[in-house]
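Asker: Okay, handing you the structure first.
Numbering (this note's numbering), first residue to last: 70 to 231.
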């Protein structure tokens, strides 16, 4: 068995399977230990924490853990126009999160508003699809085999839906 020396991540290398925890770099381990657990659990249980109505209009963006200068803060992305609803239920969300984690995890919520991106993306994507359609329409029409031509047209329809 061969042991590597002078590596930054571990003292020696052992042949065989290693746990996932041992393969990660030290910097990533620190991030996961500090923020990863709380943020990932918040994402997984956001529907319970925020409630059904607020779940549709907001989602957690990031979590900043407390240090000696500041308090632990959860940043939440909110659709424009629903900030007031979230502001009124701010205390309730903090209480639910602290009850969920069984200790004081979040002390402050900050909101970041955004426009509904679905409308803007759909308009841009339709324009892009039309450009690609015009670009490849001539090539599709030049195909002599009817089955291949129909399948290519069906393929472009599928891409339009996505």
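Idealized CB from N, CA, C, for every residue including glycine. As the structure is a computational prediction, the values presented were derived from the model and not from experiment.
Nearest to residue 157 by alpha carbon, out of 131, 119, 228 and 172?
Answerer: 119
Asker: What first and last residue would you give for the alpha helix (DSSP H) that runs through residue 141?
Answerer: Segment: none, residue 141 is in no alpha helix (DSSP H) and carries neither H nor E.
Asker: When you compare only the Cα positions, how much space is there between residue 176 and residue 163?
Answerer: 7 Å
Asker: Kindly list the residues whose CB is nearer than 8 Å to the CB of residue 111, restricted to its own chain and excluding five residues on each side of it in sequence; keep chain order.
Answerer: 118, 129, 132, 143 and 166
Asker: Does DSSP classify residue 190 as helix, strand or coil?
Answerer: Any reading at residue 190 must be qualified, since the residue scores a pLDDT of 47, below 50, and its modelled position is unreliable; the value itself is stated next. Residue state, collapsed to three classes: helix.
Asker: Where residue 109 and residue 161 are concerned, what is the direct C-alpha to C-alpha distance, given to the nearest angstrom?
Answerer: C-alpha separation (whole angstroms): 20 Å.
Asker: Can you tell me which of 114, 214 and 139 puts its alpha carbon nearest to the alpha carbon of residue 170?
Answerer: 114
Asker: Among the candidates 95, 93, 138 and 180, whose CA atom is the shortest distance from the CA of residue 146?
Answerer: 180
Asker: Over what stretch of residues does the beta strand (DSSP E) that includes residue 93 continue unbroken?
Answerer: Residue 93 -> no beta strand (DSSP E), and no H or E assigned at all.
Asker: Can you tell me where the alpha helix (DSSP H) holding residue 112 begins and where it ends?
Answerer: Counted as a single uninterrupted DSSP element, the alpha helix (DSSP H) harbouring residue 112 occupies residues 106-113.
Asker: In chain order, what residues of the same chain lie with their CB nearer than 6 Å to the CB of residue 151, ignoring the 5 residues before and after it?
Answerer: Excluding sequence neighbours, residue 151 sits near 126.
Asker: Rounded to whole angstroms, what's the CA-CA distance from residue 172 to residue 122? Just pull it up for me.
Answerer: 25 Å
Asker: Assign residue 155 to buried or exposed, taking buried as 16 or more other Cβ atoms, counted over all protein chains shown, within 10 Å of its Cβ.
Answerer: Residue 155 comes out buried.
Asker: Looking at C-alpha atoms only, which residue of 135, 184 and 219 is the closest neighbour of residue 149?
Answerer: 184
Asker: To the nearest angstrom, how far is it from the Cα of residue 205 to the Cα of residue 182?
Answerer: 39 Å
Asker: Since residue 212 and residue 221 should fall inside the 8 Å C-beta cutoff, what is the C-beta to C-beta distance between them, to a whole number of angstroms?
Answerer: 7 Å
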